[in-house]
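Structure record follows, encoded as structure tokens.
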Amino acid sequence: MIPTRQEAERLLLEAKAHYDEVSAIHGHWDGHSRTAARCAEAIAARCPGLDADKAYVLGLLHDIGRRWGDGHLRHVWYGWKYMDELGYDEAARICLTHSFQIQRLDAYIGQFDIPPEAVDELGGALAAVTYDDYDRLIQLCDTLAGPDGPVDMAARMEDVRRRYSAYPQDKWDKNFELRRTFEQWAGADIYAIVGAPA
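Take the sequence shown: its letter number 129 is residue 128 in numbering that gives the first Met the number 0, and every next letter is one higher.
Encoded structure:
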């Protein structure tokens, strides 16, 4: 189950307002989320069998865990728990899977800034998921999305590599595999669908 577009927009606005009260860096993750949503909607509209409205909502909410402030793995944890508590199980699942193109917790780039018992629960939940087309679509769109519009995938991954001093090659390769998959399904270059990179 997922919220309506209107409810998802409300949840994002509320989350950003709360984030701005507690954040030290005041990041633009809401803009990134809106770009991911627009990219997901545009790609899904070109892929027979996918629901563009659903793709938009899932893209919009994938980073909703940032509502509670700055951090790393904690945004996955908080988003997953928050959406689950609201009864939006499909959105919760996307909060869980969006950072894991490689379906292993140790493939996460960033700090494990949640308690060990939460790490264990998150790892078990991630391992139990059988990825579907929406998991993969939002993973791709997370890589395509900047705060002001689509970005060059390789440049975005290089930026992550610079900030964290690592970007696993299997994750890098998986992102381009996802791009090829959705390009074949949609019958067009990804940037012809979502717009030229900023």
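The C-beta atom is built at its ideal place from N, Cα and C for all residues, glycine as well.
- C-alpha of L121 to C-alpha of H17: approximately 24 Å in a straight line.
- Taking C-alpha positions only, R33 is separated from Y190 by approximately 17 Å.
- In this structure C38 touches V193 by the C-beta definition: roughly 4 Å separates them, less than 8 Å.
- Annotation: the continuous alpha helix (DSSP H) that includes I93 extends over D88 to T96.
- With the rule of 3 Cβ pairs closer than 8 Å, the segment 146 to 165 does not count as touching the segment 84 to 96.
- For V75, the enclosing alpha helix (DSSP H) stretches over residues L72 to E84.
- With a threshold of 16 other beta carbon atoms within 10 Å, D119 falls short and is exposed.
- Residue nearest to I24 within the set V56, I1, K53 and D69 is D69 (criterion: CA-CA distance).
- With a 10 Å radius around the Cβ and a threshold of 16 neighbouring Cβ atoms, R65 comes out buried.
- Minimum Cα-Cα distance from Q138 among the listed residues L59, I113 and T3 corresponds to L59.
- The beta carbon of G109 sits closer than 8 Å to those of H71, L72 and Y163, all from its chain and outside the five residues before and after it, given in chain order.
- Annotated three-state conformation of P2 is coil, per DSSP.
- Between the segment 133 to 148 and the segment 166 to 180 there are three or more C-beta pairs closer than 8 Å, enough to call the two in contact.
- Per the DSSP secondary-structure output, A195 pairs with nothing in a beta bridge.
- Exposure of P114 is indicated by the presence of fewer than 16 other C-beta atoms within 10 angstroms of its C-beta.
- The three-state reading of DSSP puts A144 in strand, counting E and B together.
- In this structure, the beta-carbon distance from D62 to H31 falls below 8 Å.
- In this structure, L95 lies away from V56, with their beta-carbon atoms at least 8 Å apart.
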